[in-house]
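S.K.: Residue numbers (this note's numbering): 7 to 259.
Here a beta-carbon is modelled for each residue, glycine too, at the ideal position from N, C-alpha and C.
These numbers come from a predicted model, not from an experiment.
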């Protein structure tokens, strides 16, 4: 059985055949720091090897944020070595996530922004709390390309031109619109979110594991192919545009 005890920013719990992963930085609005970024780059390889976990539920701690952008305190300290590390971790993490055989059900308890937006887009079934929103504004907030995967995933779920408008303009899309666009499966009151997601996960667990997993992998081929083909270029574009602009000129929220 896979041991998740080393993870600190991610809380990993077994619930029968359901593996629950919680982004556990509610005290910092689930901002992504170096430790969380590293753990996210490693967790999916462990999940993929965990044949005791039939279904994954991914949630953010608290009720404000599913997963946020980079922690400003972490981003302010970036140097060339850190850029290299983050670029490779992005390749590993989202590449592995696209190849996970288990269905990943997102309990979107709050907003998802930038890194969090990409993380959400890579999930298989999204249930959003009514108040939750998603947006990606790397280009507006930081002046860098949005290359970590959202530009690959969102055109597949909402259509190319709608994804262009969302990402180029930095639009914040509310939960109900995510359902209308086909990005999210359902939008529910926050008080009903966990029960709704658990019911979906349990229904998935009723299926034979290999039939469930192989069906998911077949359905996920377009996303996996896009990640395999284009994620390296996206990460390179993000790193390249990051280095073009002095950190003092980058806008912060």
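Using beta-carbon positions only, say whether residue 150 and residue 11 come within less than 7 Å of one another.
M.R.: Cβ distance not < 7 Å, so residue 150 and residue 11 don't count as in contact.
S.K.: Report the rounded CA-to-CA distance for residue 258 versus residue 9, giving the unit in angstroms.
M.R.: At residue 258, the pLDDT of 41 sits below 50, so the modelled position is not reliable; the number obtained from the coordinates is stated separately. Cα to Cα, residue 258 sits roughly 37 Å from residue 9.
S.K.: What are the partner residues of residue 73, as DSSP defines its beta bridges?
M.R.: Paired residue(s): 118.
S.K.: Apart from the five residues on each side of it in sequence, which residues of its chain come closer than 6 Å, Cβ to Cβ, to residue 256?
M.R.: In this predicted model, residue 256 has a pLDDT of only 45, less than 50, meaning its place in the structure is not dependable; the value taken from the coordinates is given anyway. The answer, listed in chain order, is 148, 149.
S.K.: Below 6 Å CB to CB, which residues in the same chain sit around residue 180 once its five sequence neighbours on both sides are set aside?
M.R.: Once the five neighbours on either side are set aside, the close Cβ partners of residue 180 are 139.
S.K.: Can you name the residues that DSSP bridges to residue 134?
M.R.: DSSP lists 114, 193 as partners of residue 134.
S.K.: Let me confirm a value: residue 220 is counted as buried when at least 16 other C-beta atoms fall within 10 Å, else exposed. Which label applies?
M.R.: Exposed.
S.K.: Spell out a yes or no on whether the stretch 89–96 and the stretch 200–216 are touching, meaning 3 or more CB-CB pairs, one atom from each, closer than 8 Å.
M.R.: Judged by Cβ distances under 8 Å, the stretch 89–96 makes no contact with the stretch 200–216, as fewer than three pairs qualify.
S.K.: What are the complete beta strand (DSSP E) segments, minimum 3 residues, inside the stretch 13–89?
M.R.: Correct list: 16–21, 24–29, 61–66, 71–73.
S.K.: Where does the unbroken alpha helix (DSSP H) through residue 233 begin, and where does it stop?
M.R.: First-last of the alpha helix (DSSP H) with residue 233: 227–250.
S.K.: For residue 42, which residues in the same chain have their Cβ closer than 6 Å to its Cβ, ignoring the five residues on either side in sequence?
M.R.: Excluding sequence neighbours, residue 42 sits near 15.
S.K.: Reducing DSSP to helix, strand and coil, say where residue 109 ends up.
M.R.: In this structure, residue 109 counts as coil in the three-state DSSP scheme.
S.K.: Could you tell me the alpha carbon to alpha carbon distance between residue 117 and residue 70, rounded to whole angstroms?
M.R.: Cα to Cα, the separation comes out at about 6 Å.
S.K.: For residue 214, name the three-state secondary structure that DSSP assigns.
M.R.: If DSSP states are grouped into helix, strand and coil, residue 214 belongs with coil.
S.K.: Between which two residues does the beta strand (DSSP E) containing residue 140 stretch?
M.R.: Its beta strand (DSSP E) spans residues 139–141.
S.K.: Taking its Cβ as the centre, do 16 or more other Cβ atoms sit within 10 Å of residue 214, making it buried, or is it exposed?
M.R.: By the neighbour-count rule (16 or more Cβ atoms within 10 Å), residue 214 is not buried but exposed.
S.K.: Going by other Cβ atoms of all chains shown within 10 Å of its Cβ, with 16 needed for buried, is residue 234 buried or exposed?
M.R.: Residue 234 comes out exposed.
S.K.: Would you list the one or two residues that DSSP bridges to residue 180?
M.R.: According to DSSP, which records beta bridges pairwise, residue 180 is partnered with 139.
S.K.: With respect to the alpha helix (DSSP H) encompassing residue 160, which residues constitute its N-terminal and C-terminal limits?
M.R.: Residues 156–164.
S.K.: Relative to the C-alpha of residue 115, which residue among 64, 142, 99 is closest?
M.R.: Of the candidates 64, 142, 99, the one whose C-alpha sits nearest the C-alpha of residue 115 is 64.
S.K.: Assuming residue 159 contacts residue 127 (C-beta within less than 8 Å), just tell me the rounded distance between them.
M.R.: About 4 Å; that satisfies the 8 Å criterion.
S.K.: On the three-state DSSP scale, how would you describe residue 148?
M.R.: Helix, per DSSP.
S.K.: Buried or exposed, going by whether 16 or more other CB atoms sit within 10 Å of the CB of residue 122?
M.R.: The residue in question, residue 122, is buried, as its Cβ has 16 or more Cβ neighbours within 10 Å.
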